[in-house]
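Report on one structure; see the data block that follows.
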Amino acid sequence: MKGRIAVYPGSFDPITNGHIDVVKRALAFFDKVIVVVSGHSRKNLLFTTEERVALIKAVYNENTRIEVDSFNGLLVNYLAEKGINRVIRGLRAVSDFEYEFQMVLANRKLNNNIETVFLMPGEEFFFISSSVIKEIALLKGDVSSMTPKVIVEALKKKFNY
Ligand code: PNS
2 MKGRIAVYPG SFDPITNGHI DVVKRALAFF DKVIVVVSGH SRKNLLFTTE ERVALIKAVY
62 NENTRIEVDS FNGLLVNYLA EKGINRVIRG LRAVSDFEYE FQMVLANRKL NNNIETVFLM
122 PGEEFFFISS SVIKEIALLK GDVSSMTPKV IVEALKKKFN Y
């Protein structure tokens with residue numbers, strides 16, 4: 002692959018408008034962003050890895066600067082396999098910082114060549130998280146301002162409404 006490429010890893014369970022804003026910002030200085038779904042998460046997952054990948058692909062459709070992939074195991078191993086050493090992560094609030102800081106240092110211990118670039122989504126996305134979206138959708142609330150239409154439909158299907 003040619004050009005400047007970054008990997009944007011996450012659980013994306015499901016992808017939110019905040020994630021989408023981060024990808025948009027990353028494309029300002031990377032030629033290509035690979036949105037990578039982690040098969041292994043500390044979190045309780047609603048969608049399978051295959052479902053999360055399919056939903057992100059549906060969101061991005063034919064955008065040639067965005068690829069969607071998944072990985073199992075360590076992020077550093079995925080990056081080595083792809084020959085990429087730039088990682089994108091979004092930072093919404095101070096509360097995100099400790100977790101992100103720990104992750105950067107852990108990844109750095111495993112591979113010192115990896116650099117993580119933090120991007121701040123627009124403030125209108127600060128309160129949006131996949132967990133908040135799942136909770137609202139579980140209780141049959143309207144999440145259409147927080148995530149794309151295709152995700153809203155997938156949530157409705159999951160929660161039968
Ligand atoms: O969207 P999330 O859940 O905050 O994303 C976290 C993720 C998936 C990027 C992180 O948990 C991860 O990289 N998992 C893969 C396992 C790994 O490499 N762990 C070592 C770094 S803590």
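If you use the numbering used here, the sequence shown closes out at 162, no skipped numbers anywhere.
Where is the CB? At the ideal position from N, CA and C, for every residue including glycine.
From a predicted model like this one, the values you see are computed outputs, not experimental measurements.
Query - First through last residue of the beta strand (DSSP E) which encompasses T50 - result: Per DSSP, T50 belongs to no beta strand (DSSP E); it is in the alpha helix (DSSP H), T50 to Y61.
Original post:
Buried or exposed: K33, going by 16 or more other Cβ atoms within 10 Å of its Cβ?
Top reply: buried
Decide if K135 is buried, meaning its Cβ has at least 16 other Cβ atoms within 10 Å, or exposed. buried
* Could you tell me how far apart the beta carbons of F98 and L92 are, in whole angstroms, since I believe they sit closer than 8 Å? => 7 Å
| said: I'd like the span of the beta strand (DSSP E) that includes A7, first residue to last. | reply: I6 to G11
query: Grouping DSSP H, G and I as helix and E and B as strand, with all else coil, what is G123?
result: coil
Review point. Are A138 and F160 close, meaning C-beta to C-beta below 7 Å?
Key: yes
- Which one or two residues does DSSP pair with G91 in a beta bridge? L120
**Prompt:** How about S12: is its Cβ closer than 6 Å to a heavy atom in the ligand PNS?
**Reply:** yes
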